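In our numbering, the protein residues as written are -12 to 242.
Here a beta-carbon is modelled for each residue, glycine too, at the ideal position from N, C-alpha and C.
Note that the structure is a prediction, hence the values are computed from the model and not measured.
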Amino acid sequence: MALTRKAWIWTLSVVITAGAVATAGAAWAITASHNAAAPGGQTGSGAAESTPRTVPALYTGDELTWLMLPDDTLSTLLGASDIQPVKAEYHTVGESEGVHAEPEQCTDVAYRDDDGMIGIRATSWSQGGLGGSMTVRQFASAEQASANFDKVPAALPSCSAFEIKQIDRLQSSETISEPVSKESAEAKVVVFDDTTAPHDQYNHDHLQAVLLHGNLVLNLYVGHDGPLPLDQGKLVEALLDQARTAQEKLTQELG
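Spelled out as structure tokens, the structure:
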């Protein structure tokens, strides 16, 4: 399998358009690198190859799990317990029954947009008396993943406070903390805390982290009531480190 995909990476041309992917495997029909070696040890441009090849950060199947924080990190950093096995299950099914955010653009902060998603891996755990979850969504291209991720940081400046309604009935009022964001060579991440009122069996304060890496978007949700003993900076670094590890693993397998 690795040899076949390696040959695809360096010899095929990209043929990915929005809505044109029938299976997750189609995400691997990608552009050949301009650094691909030509006969005689030269690059396609005719210059001697002097830098390592860059493997495009495109993942499929169980490779999605490479972006997920390992169980020991979830336990030590987040206090997670009873961590469930990773599954490839999609749970957002059916109508929203009129539940939405006001202003409308804050829906991208409150809920994940699955438009264009072609693969998923997810896990969940207990978080004190509440719960946490981590979901990695696969898109057909890095551009589609970026468009999905970019909705969140674009909406946050105007969504420090918003409401969740069902039709016209108020469900909750939400207040967003100042986001913590950072970018590395491999990934972008934004972390923010959401204080909700009133609290009930469905509404709790929760921290969210959204990470972009290649054709993947990771969403981390940590439920809490009251102050959360979590260093958001450490969470940001842990997520960026995991993206770096995933890229190294992919490069080793395909390089």
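- Bounds of the alpha helix (DSSP H) holding E235 are Q219 to L241.
- H211 sits buried, since 16 or more C-beta atoms from the chains shown fall within 10 Å of its C-beta.
- Residue environment analysis places I163 among the buried positions, since at least 16 neighbouring C-beta atoms fall within 10 angstroms of its C-beta.
- Collapsing the DSSP output to three states places D192 in a strand.
- Distance from the CA atom of L61 to the CA atom of D218, rounded to whole angstroms, is 13 Å.
- At the C-beta level, E173 and A127 stay beyond 8 Å of one another.
- Beyond the five residues adjoining it in sequence on each side, T122 comes within less than 6 Å, by CB distance, of A109 and N206 in the same chain, given in chain order.
- Boundaries for D101: no beta strand (DSSP E) harbours it, and the DSSP string shows neither H nor E there.
- Secondary structure of N206 (DSSP, three-state): strand.
- Rounded to the nearest angstrom, the Cβ distance from K152 to H87 is 6 Å, consistent with a contact under 8 Å.
- Here DSSP, grouped into helix, strand and coil, assigns L117 to strand.
- With respect to the 8 Å criterion, K221 and L54 are not classified as neighbours on the basis of their beta carbons.
- A direct Cα-Cα distance of roughly 20 Å separates D101 from C146.
- Take the alpha-carbon of L143 and the one of L194: they are about 14 Å apart.
- C-alpha of P166 to C-alpha of V209: approximately 15 Å in a straight line.
- One alpha carbon belongs to G66, the other to R124, and they sit about 24 Å apart.
- Beta-carbon to beta-carbon, K175 and L203 are separated by about 12 Å, too far to satisfy the 8 Å threshold.
- Here L51 is buried. Its C-beta has 16 or more other C-beta atoms within 10 Å.
- Residue range V167 to E170 is occupied by the beta strand (DSSP E) that includes K169.
- A check of alpha carbon separations from A184 across P216, Y77 and E161 identifies E161 as the nearest.
- With contacts defined as CB atoms closer than 8 Å, L56 and A225 qualify as a contacting pair.
- Taking the Cα positions, L45 is about 21 Å away from V177.
- Separation of L117 and T238 (C-alpha to C-alpha, rounded to the nearest whole angstrom) is 38 Å.
- DSSP places D180 in no alpha helix (DSSP H) but in the uninterrupted beta strand (DSSP E) bounded by K175 to A184.
- Cβ contact annotation for Y77 (same chain, cutoff 7 Å, sequence separation greater than five): I107, in chain order.
- The three-state secondary structure of S133, taken from DSSP, is helix.
- Closest option to H191, judged by alpha-carbon separation, among D95, A134, S159 and T41: S159.
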